[in-house]
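Read through the structure below, which is laid out as structure tokens, and then see the notes.
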Amino acid sequence: MSLVTLTIDGRQVQVPPGTTILAAARQAGVKIPTLCYLEELNVIGACRLCLVQVEGARALVAACVTRAAEGMVVHTNTPAVRHARRLNLELIMSNHPQECLTCVRNTGCELQQLAAELGVGEIRLQGEMSPYEVDDSSPSIIRDPRKCVLCRRCVAVCEKVQGVSAIAVQERGFDTVVAPAFLAPLGEVNCVNCGQCSLVCPTAAIHERDETDKVWAALADPEKHVVVQTAPAVRVSIGEMFGLEPGSIVTGKLVAALRRLGFDKVFDTDFTADLTIMEEGSELIHRLQNGGRLPLITSCSPGWIKFIEHFYPNLLPNLSTCKSPQQMFGALAKTYYAQKEGIDPARIFVVSIMPCTAKKYEAGRPEMNSSGYRDVDVVLTTRELGRMLKQAGIDFDSLPEEDYDAPLGISTGAGVIFGATGGVMEAALRTAYELVTGATLVSLDFEEVRGLEGVKEASVNLAGTELKVAVAHGLGNARKILDAVVNKEREYHFIEIMCCPGGCIGGGGQPVPVDNEIRARRIAAIYQVDRQMPLRKSHENPAVQALYREFLGEPLGHKSHELLHTHYTPRERF
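The structure is reproduced here in structure tokens:
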């Protein structure tokens, strides 16, 4: 393939045909500001901040939508370019609320950063403010049209990555707004609460619902016994809130930080991830041996659950009836743990630290009260926890390494890999293989189901039965698998689907920014934690074994079904 040669700021650059000026400039080490651009997702040139001068062109052009051409000469730093970029930014800011000091994205706002980089030191232009009010109808996500810069990133990720299209550009002219159809509230449409829109929003036009005040109040209440669980993905991402590199493993520091906040017990969702494998693995074996509905599809991801309820309700019988590890934990905290410690379950307040905004929605589902109470009281995202630790003045990086509390803090490597796409599948295969064959796995690493490829397939021999499995992350990829199943183009026995790209490590509640490089580093850290664990198979977790002996009886037993399993609800698509 012949390369295209162009000159950018006096330097010759060679790029493949079809490369944009923006990408070519980055290759040459030249930074061009952008606000709307998302690599390989949407290229619409909405913000006009990436303007450059091309010799021979009649006007400045947007670098993100203009392809490099042979012999093209580009200037990115002329007086005209600088003036145009700054004026366009000032126009964007002219009707933006001046609430930086109190904004949830303060110091992490791309608009704020660009104002500093482009030298905007005063608000010269005053425009009419947006007529739209804040939409707080969703249990997970707040939509604030006043802070929207109409970059359309959220629209692109919702449509092209997740395949949901819950939001789009509505109305015209000054009344243009990003919202659900007919300007309906977000909580009343087919939004799956995944929060991927909040990850790509450059401002705080879309952000997680903050519930830290509820946790502060519980911690201050002497009548409450406040326990916390931390999801697998949080231990490899919370460090980013304090300037650590993506993929930094900070498990022990995370535990120490939560103790310093005042939690009575610090537990690990990995414990109930191991428990999920015992129940879900047993469910898979039962369906295989008794002619049950196949393929069995995982049910750990609440955004995925709401997606299938809206878009593929006919496949609901294929879902595992297992609750997610978060909800299993909540049910056990107010039954097994309460009984074991002699604590009135009415006093127990369960807090979850999750990488996920959809977990807020899940905790509030009406069926999630099998303990006799709301099983999980509050869900905080990784970002919310980061803000709490900063409010408390905790120097995170200087904290010592501490261990989780027993018994709900004991886990295996199989539990921790739930945080990465393919992890639930791999953990299930480790246990199902040994339970069915009675043999010990020679290698615990199922490489075929790992990685950031959108859809992965593998085949595993279980005592003479070929088990066909598939893994998808991101709901757009889930559609590909489900359509293949519905159309009988593919035959699987077991499918893992994670709502968010990369799995939970790329959840909507994780630190920003997020791209595939950051996702890959978090995933690598997850598997490093797995390799370092003394136990790496869920069925070898001694605390899980004790739970069955002392309380549950057996996987899929009456008590397990009562506390650890649930049902799902077909929902209207619109």
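Start counting the sequence shown at 1; every next residue gets the next number (full-length UniProt numbering).
Heads up, the beta-carbon is just placed ideally off N, CA and C, and yes, glycines get one too.
For clarity, every value in this text was computed on a predicted model and none was experimentally measured.
So what's Met354 in DSSP terms, helix, strand or just coil?
Along the sequence shown, one-based indexing puts residue 354 at 354. In the three-state reduction of the DSSP assignment, Met354 falls in the strand class, which pools E and B.
With 16 other Cβ atoms within 10 Å as the buried cut-off, status of Met1:
Reading the sequence shown from its first residue, position 1 is the one you call residue 1. Classified as exposed, Met1 has fewer than 16 neighbouring CB atoms from the shown chains inside 10 Å of its CB.
Tell me whether Gln12 sits in a helix, a strand or coil according to DSSP, three-state version.
For the purposes of this step, residue 12 is taken as residue 12 along the sequence shown, with counting starting at 1. In the three-state scheme derived from DSSP, where H, G and I count as helix and E and B as strand, Gln12 is classed as strand.
Checking the sheet assignment: what are the DSSP bridge partners for His75?
Along the sequence shown, one-based indexing puts residue 75 at 75. Answer is Gln53.
Quick one: what's Phe494 bridged to in DSSP?
As a first step, residue 494 is located in the sequence shown; it is residue number 494 there, counting from the start. Per DSSP, the beta-bridge partners of Phe494 are Leu296 and Val469.
Whose C-beta lies closer than 8 Å to the C-beta of Asp405 among residues of the same chain, with five residues either side of it excluded?
Translated into the one-based positions of the sequence shown, residue 405 becomes position 405. In chain order, Lys265, Val266 and Phe267 place their CB closer than 8 Å to the CB of Asp405, counting only its own chain and leaving out the 5 sequence neighbours on each side.
Is there contact between the region 188 to 197 and the region 228 to 240, where contact requires at least three CB pairs shorter than 8 Å?
In short, these stretches do not touch, since the Cβ pair count stays below three.
CA-to-CA distance, Gln112 to Gly121, given in whole angstroms
Looking up residue 121 in the sequence shown gives position 121. Looking up residue 112 in the sequence shown gives position 112. About 11 Å.
Mapping DSSP to helix, strand and coil, what is Leu452?
On the sequence shown, position 452 is the one that residue 452 refers to. Leu452 carries a coil assignment under DSSP once its states are collapsed to helix, strand and coil.
In chain order, what residues of the same chain lie with their CB nearer than 7 Å to the CB of Lys214, ignoring the 5 residues before and after it?
On the sequence shown, position 214 is the one that residue 214 refers to. Listed in chain order, the non-local C-beta contacts of Lys214 below 7 Å within the same chain comprise Val378, local neighbours out to five positions each way being set aside.
Closest by C-alpha distance to Lys468, when choosing among Tyr492, His565 and Tyr433:
Taking the first residue of the sequence shown as 1, we reach residue 468 at position 468. With distances taken between Cα atoms, Lys468 lies closest to Tyr492.
Best match in Ala428, Leu452, Leu435 and Gly454 for proximity to Asp445 [C-alpha to C-alpha]:
Your numbering for residue 445 matches position 445 in the sequence shown. Of the listed residues, the one whose Cα sits closest to Asp445 is Ala428.
From Arg67 to Glu211, what does the alpha carbon distance come to, in whole angstroms?
Here residue 67 refers to the residue found at position 67 of the sequence shown. Here residue 211 refers to the residue found at position 211 of the sequence shown. Cα-Cα distance, rounded: 45 Å.
Three-way DSSP call (helix, strand, coil) for Gln170 in this model:
The residue given as residue 170 occupies position 170 in the sequence shown. The answer is strand: DSSP assigns Gln170 an E or B state.
What are the start and end residues of the beta strand (DSSP E) that includes Thr276?
Position 276 of the sequence shown, counted from the start, is the residue given in the question as residue 276. According to the DSSP assignment, Thr276 belongs to no beta strand (DSSP E) but to the alpha helix (DSSP H) extending over Thr269 to Asn290.
Please work out which residues of its chain come closer than 8 Å, Cβ to Cβ, to Arg573, disregarding the five sequence neighbours upstream and downstream, and give them in chain order.
The residue labelled residue 573 in the question sits at position 573 within the sequence shown. Closer than 8 Å at Cβ, skipping near neighbours: Asn190, His310 and Phe311.
Apply the 10 Å Cβ neighbour rule to Gln510 and answer buried if 16 or more other Cβ atoms are within range, or exposed otherwise.
By one-based count along the sequence shown, residue 510 stands at place 510. The residue in question, Gln510, is buried, as its Cβ has 16 or more Cβ neighbours within 10 Å.
Apply the 10 Å Cβ neighbour rule to Pro501 and answer buried if 16 or more other Cβ atoms are within range, or exposed otherwise.
Mapped onto the sequence shown, residue 501 falls at position 501. Counting Cβ neighbours within 10 Å, Pro501 comes out buried, since at least 16 surround it.
Applying the criterion that 16 or more other CB atoms from any shown protein chain within 10 Å of the CB defines a buried residue, is Val376 buried or exposed?
Here residue 376 is taken as the residue at index 376 of the sequence shown, counted from 1. Val376 should be labelled buried.
Mind checking Pro473: buried by the 16 CB within 10 Å criterion, or exposed?
As a working mapping, residue 473 is identified with position 473 in the sequence shown. The sequence as given places His at residue 473; Pro does not occur at that position. By the 10 Å Cβ count, His473 comes out buried.
Three or more C-beta pairs below 8 Å linking the region 515 to 531 and the region 377 to 392:
Result no; under three Cβ-Cβ pairs closer than 8 Å.
Considering Glu110, what are the terminal residues of the alpha helix (DSSP H) in which it resides?
As a position in the sequence shown, residue 110 is number 110, starting the count at 1. For Glu110, the enclosing alpha helix (DSSP H) covers residues Glu110 to Glu117.
So the candidates are Arg287, His565 and Val15; which of them puts its Cα closest to the Cα of Asn369?
Position 369 of the sequence shown, counted from the first residue, corresponds to residue 369. Of the candidates Arg287, His565 and Val15, His565 places its Cα closest to the Cα of Asn369.
Keeping to the same chain, check which residues put their C-beta closer than 6 Å to that of His225; ignore five residues upstream and five downstream.
One-based indexing of the sequence shown puts residue 225 at position 225. Correct list, in chain order: Asp264, Ile343, Arg347 and Ile348.
Indicate whether Ile410 and Phe271 have their beta-carbon atoms separated by less than 9 Å.
In the sequence shown, counting from the first residue as 1, residue 410 sits at position 410. In the sequence shown, counting from the first residue as 1, residue 271 sits at position 271. At a Cβ-Cβ threshold of 9 Å, Ile410 and Phe271 count as neighbours.
Under 9 Å between the Cβ atoms of Leu244 and Val250?
Mapped onto the sequence shown, residue 244 falls at position 244. Mapped onto the sequence shown, residue 250 falls at position 250. Cβ distance < 9 Å, so Leu244 and Val250 count as in contact.
Quick one: which unbroken alpha helix (DSSP H) runs of 4-plus residues sit fully inside the region 484 to 563? Chain order, please.
If only complete runs of 4 or more residues are kept, the region 484 to 563 shows the alpha helix (DSSP H) at 516 to 532 and 542 to 547, in order along the chain.
Cβ-based neighbour list, Ala24, same chain, cut-off 7 Å, excluding 5 preceding and 5 following
The sequence position of residue 24 within the sequence shown is 24, counting from 1. Contacts found: Leu6, Ile8, Val13, Val15 and Ala68.
Are the CB atoms of Pro36 and Arg153 nearer to each other than 9 Å?
Residue 36 sits at position 36 when you count from the first residue of the sequence shown. Residue 153 sits at position 153 when you count from the first residue of the sequence shown. Residue identity differs from the one stated: residue 36 is Cys in this sequence, not Pro. Taking C-beta atoms as the reference points, Cys36 and Arg153 count as a pair closer than 9 Å.
Could you spell out the range, first to last residue, of the alpha helix (DSSP H) harbouring Tyr309?
On the sequence shown, residue 309 is found 309 positions in, with the first residue counted as 1. Inspection of the sequence shows that residue 309 is occupied by Glu rather than by Tyr. Bounds of the alpha helix (DSSP H) holding Glu309 are Pro302 to Phe311.
Could you compute how far the alpha carbon of Gln98 sits from the alpha carbon of Ala166?
Sequence index remark: in the sequence shown, residue 98 carries index 98 (1-based). Sequence index remark: in the sequence shown, residue 166 carries index 166 (1-based). Answer to the nearest angstrom: the Cα atoms are 28 Å apart.
Look at the Cβ atom of Ile32, then the Cβ atom of Leu22, and state whether they are nearer than 9 Å.
Here residue 32 is taken as the residue at index 32 of the sequence shown, counted from 1. Here residue 22 is taken as the residue at index 22 of the sequence shown, counted from 1. A contact, by the Cβ cut-off of 9 Å.
Inter-residue CB distance, Ala62 and Met93 (contact presumed, cutoff 8 Å):
For the purposes of this step, residue 62 is identified with residue 62 of the sequence shown, where counting begins at 1. For the purposes of this step, residue 93 is identified with residue 93 of the sequence shown, where counting begins at 1. In this structure Ala62 is not in contact with Met93, their Cβ atoms being roughly 19 Å apart against a cut-off of 8 Å.
Grab the span of the alpha helix (DSSP H) containing Gln391 for me, first residue to last.
As a working mapping, residue 391 is identified with position 391 in the sequence shown. Thr382 to Gln391 is the extent of the alpha helix (DSSP H) around Gln391.
Whole-Å CB distance - Arg26 paired with Leu49, under 8 Å assumed
Along the sequence shown, one-based indexing puts residue 26 at 26. Along the sequence shown, one-based indexing puts residue 49 at 49. About 15 Å; that fails the 8 Å criterion.
Along the beta strand (DSSP E) that carries residue 575, what are the first and last residues, could you check?
In the structure as shown, the chain begins at 1 and stops at 574. Residue 575 is therefore absent and cannot be evaluated.
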